[in-house]
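One structure is given here, and the rest of the page talks about it.
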Amino acid sequence: MNEVLFVVPLWVDLSAVAIGAVQGAMFAARFQDRQLDWLGVAIIGVVVGLGGGLIRDILLGQVPASLQNNWYLPVASGAALLGMLLLRTVTRLGPVIIGLDALTIGMFGAIGSTKALAAGLPVIPAIFVGTVSAVGGSVLRDVMLGVPVALMHVGSLYAVAAAVGTALLVLAVTFGTPLGIAAIVGVSSTAVIRLLAVRFGWTLPEQRQIGGWRIWRRSTRG
Amino acid sequence: MNEVLFVVPLWVDLSAVAIGAVQGAMFAARFQDRQLDWLGVAIIGVVVGLGGGLIRDILLGQVPASLQNNWYLPVASGAALLGMLLLRTVTRLGPVIIGLDALTIGMFGAIGSTKALAAGLPVIPAIFVGTVSAVGGSVLRDVMLGVPVALMHVGSLYAVAAAVGTALLVLAVTFGTPLGIAAIVGVSSTAVIRLLAVRFGWTLPEQRQIGGWRIWRRSTRG
Amino acid sequence: MNEVLFVVPLWVDLSAVAIGAVQGAMFAARFQDRQLDWLGVAIIGVVVGLGGGLIRDILLGQVPASLQNNWYLPVASGAALLGMLLLRTVTRLGPVIIGLDALTIGMFGAIGSTKALAAGLPVIPAIFVGTVSAVGGSVLRDVMLGVPVALMHVGSLYAVAAAVGTALLVLAVTFGTPLGIAAIVGVSSTAVIRLLAVRFGWTLPEQRQIGGWRIWRRSTRG
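Chains as they are written, first to last, in my numbering: chain A, 1 to 222; chain P, 1001 to 1222; chain Y, 2001 to 2222.
Here it is as C-alpha cells:
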C-alpha cells in the first residue's frame, strides 16, 4: 500500500515549513508585552512549522522526518527570525500569506493522511492524523505560549477545512481514485474552505444543550 | 510474557472511552464564557476519552490502539457532542457517571499496566504507565483548555486511586496471582478509593516544608 | 556508529535526575497559593527530572530509558518530596544547586546528542535533540503548572547554553575528536555559559523588527 504515499519535493515541503514559521512569528509579535526573546521566536518557528509533522510521526511510531535531514530546523527557525525582523513587510503581504497558508495546511493534511494510510492505519484514524498534521503546530504554539488553544474556540474553521480536505482525499483513494487527482481534490478543498471561511467569517456553532436556551441566555448575560 | 495482558472486549473499552468523553463534555460546559465551539467539544471528547491510551502507547513505542480501528475516534467525539446536547440529563445522572468513571479509571489503569508489563517494562514503570493511562486524558484536557492541571492540586485522589489500584495489580501479577483475580483486585481498589475520596472529601496534604510552619502561615496570610 | 554513544554510570545519571527534581520542587514552592499537594510536587519532580529524557527517547522512537529501570521514578519523585520538606536547607544551598544544575544540563545535552547521533540522525537534528534533552523538563514543568514557558522569554540563556555545548560536542565528534574529549568540551562549555549568564545577568535581545523602533516604542508605552 506504499504507493498511496503523497510525496512532495523537498523544496515544496521546506517552503510550507517556512510559511508556517513566518505565521508563527507574526502570531508571536502580538505578545510583545510578554518579552519573547529571539530564541523564543525561533522556537515558535520550529513549533509552528514542524510541530504538526512531529506529532504525526510520533503517532505513527516513526522518527520524525524533520529530524532525518539537516534542512528543516534551520529553515523553520530562520524563517521565523526573518519574519520577526521584516514584520512590517510581512504584515503588508497578509493576504498572500493567508493564501499560501491555506495551501500549506491542505498540503500538510495530504502528506499526513497518505503517510498514515501507507503505515496501515484505517481510514478514520488516517483522516485524524492528516488533520493533526495540519493543525498540530498551532496547538503546540498556543500551549507553549500559555494561551487557550485557538482551534477549540469559535474561530475560522481551520481544523474543519483540514478535516474535510483530508477526508475527501482518503475517501477518493479508498475508492480507487489515482493519488494525484485525490491529492489535488483534497488540498484544494482545504484551501478553498479555509479561504471562504476567512472571507465570509464562517464559524461553527458554540457549545449548547438541547432545550437549554433559557439557561444559556441567562448565562451569557451574566 | 504476553499472557499477562489484560484484554477487555472492544465494546467495554469503547464504553469506557464514551464515559470519559461525556465527562470531558461536562467539564467543558463550565467554560461557556470561553466560547468553545462544537469542534472544541468534540476535541475535548477525543482528548479525555483517548488521551490516556495515546500517551500510554507513545511511551511504549507503539502505534496507539485507538488509531488502529475505525471505532474509537467517532465514539469519543460523538459521546462528547451527545453529552453537550443532553447536558441537563447527563448532569442529573451525576452519581451514575461518577460511579462509571471510577470503574473506568480502574480499567484504564489495569489495561495500561498489564500492557506495559507485556512490553517488558519493570514493575515500577509499569505502575507509572498504568497510572498515566488512567489520568493522562484529564492532564491533556487541562493543558488544551489552558487551565492549571487539576491532578497536581489539592483534589480528590484521582491519581492516587489509579496508582494504588495498578500497584496492587502489578504486585499481585508479580507474585503469581492469576491475571483475572489481580485485575479484579486492581480495578475494584481504584474504584473504591476514588468513590470513598469523592464521598468523604479526602485530600492529600498540601506542599509544606519541615519546620517551616511560621513562614508558611505568614505566606498564606499575605 | 554506536561508539559515539556517551554513556554515564547509572549513579551519575540518577544524581542528575535528583538535582533536576530538587530544582523542580524549589520552583513549585513559589506556587503555594496554587495548592499543589504532595502528589503534585512528586509529579513536578518526575517531570523536571525525567521530562527531557522522555521527550528525547520519544523523538528517537525508543522506549524511554527511565521506564526500563526501577530506579528513575522513585529517585525523581523522592528527591522532589525531600526538596519540598527541606526547602530551607535547599534554598541555603542555592549556589551549589545552581552549579550542579549547570553541570546537569551539560550532561543531559551530551547524553541526548550522542544518543541521537548513535540513532543515525544528522548533526543539526542531533544538536536539537541534545538541547531538548537538557531543557525539555523545564518546558513540561511550565506547561503542567499552566505558566508561560520560561525559556521562550527574556531569561538567562538556559537553552542557548545547552545548544552551544551540544553543538561543540557534535562538531568535535564529527571532525574525529575522541568522544571523551568532545564530551568534556561540550559539558563544560554548557556549564560555563550557564554560570556566566547567571553571574552577569546575560540575556538575548527581545523580539523586534528592523526599522520598527517608533512602532515598538509606541506599543511598549501603550
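Just so you know, even glycine gets a beta-carbon here, dropped at the ideal spot from N, CA and C.
Quick one: grab the DSSP three-state call for leucine 93(A). Translated into positions along the first sequence, residue 93(A) becomes position 93. If DSSP states are grouped into helix, strand and coil, leucine 93(A) belongs with coil.
Quick check: the Cα distance between serine 2138(Y) and arginine 199(A), rounded to an integer number of angstroms? As a working mapping, residue 2138(Y) is identified with position 138 in the third sequence. As a working mapping, residue 199(A) is identified with position 199 in the first sequence. Cα to Cα, the separation comes out at about 40 Å.
DSSP three-state call for leucine 121(A): helix, strand or coil? Counting from one through the first sequence, the residue named residue 121(A) turns up at place 121. In this structure, leucine 121(A) counts as coil in the three-state DSSP scheme.
Flag phenylalanine 2128(Y) as yes if its beta-carbon sits less than 9 Å from any beta-carbon of chain A, otherwise no. Walking along the third sequence from the start, residue 2128(Y) turns up at place 128. Yes, its Cβ sits closer than 9 Å to a Cβ of chain A.
What residue does the alpha helix (DSSP H) around threonine 1174(P) start on, and which one ends it? The count along the second sequence starts at 1 and reaches residue 1174(P) at position 174. Per DSSP, the unbroken alpha helix (DSSP H) holding threonine 1174(P) starts and ends at 1158-1174.
What residue range does the alpha helix (DSSP H) around aspartate 982(P) cover? Nothing in the structure corresponds to residue 982(P), since chain P is present only between 1001 and 1222.
Could you name the residues of chain P that methionine 2144(Y) contacts, counting a contact when the two beta carbons are closer than 8 Å? Numbered from 1 along the third sequence, position 144 holds the residue referred to as residue 2144(Y). By Cβ distance, chain P contributes Val1139, Val1143, Val1149 and Met1152.
Along the stretch 2051-2063 of chain Y, what residues have a CB closer than 8 Å to any CB found in chain A? Ile2058, Leu2059, Leu2060 and Gly2061
State the CB to CB distance for the pair methionine 1152(P) and isoleucine 2043(Y), rounded to an integer number of angstroms; the pair is presumed to be in contact (CB under 8 Å). The residue you call residue 1152(P) lines up with position 152 of the second sequence. The residue you call residue 2043(Y) lines up with position 43 of the third sequence. With a Cβ gap of about 6 Å, methionine 1152(P) and isoleucine 2043(Y) count as contacting.
Under 8 Å: do the stretch 2012-2030 of chain Y and the stretch 2072-2088 of chain Y share three or more Cβ pairs, one atom per stretch? yes
Please compile the residues from chain A whose C-beta is within a distance smaller than 9 Å of the C-beta of alanine 2159(Y). As a working mapping, residue 2159(Y) is identified with position 159 in the third sequence. Neighbours of alanine 2159(Y) on chain A, chain order: Leu39 and Ile43.
Tell me which same chain residues have a C-beta within less than 7 Å of the C-beta of glycine 2020(Y), skipping the five on either side of it? Counted from its first residue, the third sequence places residue 2020(Y) at position 20. Around glycine 2020(Y): Val2048, Gly2049, Thr2104 and Gly2137.
Spatial neighbours of arginine 1214(P) in its chain, beta-carbon cut-off 6 Å, leaving aside the 5 residues before and after: Along the second sequence, one-based indexing puts residue 1214(P) at 214. Summary for arginine 1214(P): the model assigns pLDDT 43, below 50, so the residue's position carries little reliability; its value from the coordinates is reported in the next sentence. No residues qualify anywhere along the chain.
Using a Cβ-Cβ cut-off of less than 7 Å, list which residues of the stretch 1070-1102 of chain P approach chain A; keep chain order. Asn1070, Leu1073, Pro1074, Met1084, Leu1085, Leu1086, Leu1087 and Arg1088
How about isoleucine 2124(Y): is its C-beta nearer than 9 Å to some C-beta of chain A? Here the question's residue 2124(Y) lines up with position 124 in the third sequence. Yes, because at least one Cβ of chain A sits closer than 9 Å to the Cβ of isoleucine 2124(Y).
Just how far apart, CA to CA, sit arginine 1217(P) and arginine 1141(P)? What you label residue 1217(P) is simply residue 217 of the second sequence in a count that begins at 1. What you label residue 1141(P) is simply residue 141 of the second sequence in a count that begins at 1. Its pLDDT being 44, under 50, arginine 1217(P) is placed unreliably by the model, and nothing is read from it.
Element boundaries [alpha helix (DSSP H), containing arginine 2194(Y)]: Taking the first residue of the third sequence as position 1, residue 2194(Y) is located at position 194. Element bounds for arginine 2194(Y): 2179-2200.
Contact criterion: CB-CB distance below 9 Å. Does leucine 168(A) meet it with respect to chain P? One-based indexing of the first sequence puts residue 168(A) at position 168. Leucine 168(A) does not count as touching chain P.
Suppose you measure from the CA of glycine 2165(Y) to the CA of isoleucine 2098(Y); what does that come to, to the nearest Å? Locating residue 2165(Y) in the third sequence gives position 165, counting from the first residue. Locating residue 2098(Y) in the third sequence gives position 98, counting from the first residue. Each residue's Cα considered, the two are about 17 Å apart.
Minimum C-alpha distance to phenylalanine 128(A) - residue among Asp1013(P), Val1017(P), Tyr1072(P) and Leu1060(P): Within the first sequence, numbered from 1, the residue matching residue 128(A) stands at position 128. Considering only alpha carbons, the answer is Tyr1072(P).
So alanine 1102(P) packs on leucine 1195(P), CB below 8 Å; how close in whole Å? Looking up residue 1102(P) in the second sequence gives position 102. Looking up residue 1195(P) in the second sequence gives position 195. Their Cβ separation, rounded to whole angstroms, is 5 Å, which keeps alanine 1102(P) and leucine 1195(P) in contact under 8 Å.
Could you give the residue range of the alpha helix (DSSP H) that holds proline 225(A)? Nothing can be reported for residue 225(A): it is not among the residues displayed for chain A, which extend from 1 to 222.
Below 9 Å between beta carbons: does that hold for alanine 1183(P) and threonine 1114(P)? Taking the second sequence and counting its residues from 1, one reaches residue 1183(P) at position 183. Taking the second sequence and counting its residues from 1, one reaches residue 1114(P) at position 114. Yes, Cβ-Cβ distance for alanine 1183(P) and threonine 1114(P) is below 9 Å.
Can you name the residues of chain A whose CB is closer than 9 Å to the CB of leucine 1258(P)? Residue 1258(P) lies beyond the residue range present for chain P, which begins at 1001 and ends at 1222; the question has no answer from this structure.
Looking at isoleucine 1181(P): is its Cβ nearer than 9 Å to the Cβ of alanine 1172(P)? The residue you call residue 1181(P) lines up with position 181 of the second sequence. The residue you call residue 1172(P) lines up with position 172 of the second sequence. Yes, the Cβ-Cβ distance between isoleucine 1181(P) and alanine 1172(P) is below 9 Å.
Under 9 Å, Cβ to Cβ, is there at least one residue of chain P near alanine 191(A)? Numbered from its first residue, the first sequence carries residue 191(A) at position 191. Answer no: the Cβ-Cβ gap between alanine 191(A) and chain P never drops below 9 Å.
Does any residue of chain Y bring its CB to less than 9 Å from the CB of serine 66(A)? Walking along the first sequence from the start, residue 66(A) turns up at place 66. Contacts with chain Y at 9 Å (Cβ-Cβ) include serine 66(A).
Cβ neighbour criterion (16 or more within 10 Å) applied to leucine 2010(Y): Mapped onto the third sequence, residue 2010(Y) falls at position 10. Around the beta-carbon of leucine 2010(Y), fewer than 16 other beta-carbon atoms lie within 10 Å, marking it exposed.
With 9 Å set as the bound, which would you pick, yes or no: does the beta-carbon of alanine 1118(P) sit closer than that to a beta-carbon of chain Y? Locating residue 1118(P) in the second sequence gives position 118, counting from the first residue. Chain Y contact via Cβ: absent.
Contact under 9 Å by Cβ, proline 2125(Y) with leucine 14(A): The sequence position of residue 2125(Y) within the third sequence is 125, counting from 1. The sequence position of residue 14(A) within the first sequence is 14, counting from 1. No, the pair does not count as a contact, with Cβ atoms beyond the cut-off.
Could you pull out every residue in the same chain whose Cβ sits closer than 8 Å to the Cβ of valine 2143(Y), ignoring the five residues on either side in sequence? On the third sequence, residue 2143(Y) is found 143 positions in, with the first residue counted as 1. These residues qualify, in order along the chain: Val2149.
Do leucine 2157(Y) and tryptophan 2202(Y) have their C-beta atoms closer together than 9 Å? Counted from its first residue, the third sequence places residue 2157(Y) at position 157. Counted from its first residue, the third sequence places residue 2202(Y) at position 202. Yes, these two residues count as a Cβ contact at 9 Å.
Can the beta-carbon of glycine 973(P) be found less than 9 Å from the beta-carbon of alanine 1161(P)? With chain P covering only 1001 through 1222, there is no way to say anything about residue 973(P).
Whose CA, out of Ala1016(P), Gly1052(P) and Val1007(P), lies closest to the CA of threonine 1131(P)? Reading the second sequence from its first residue, position 131 is the one you call residue 1131(P). Measuring from the Cα of threonine 1131(P), the nearest candidate turns out to be Gly1052(P).
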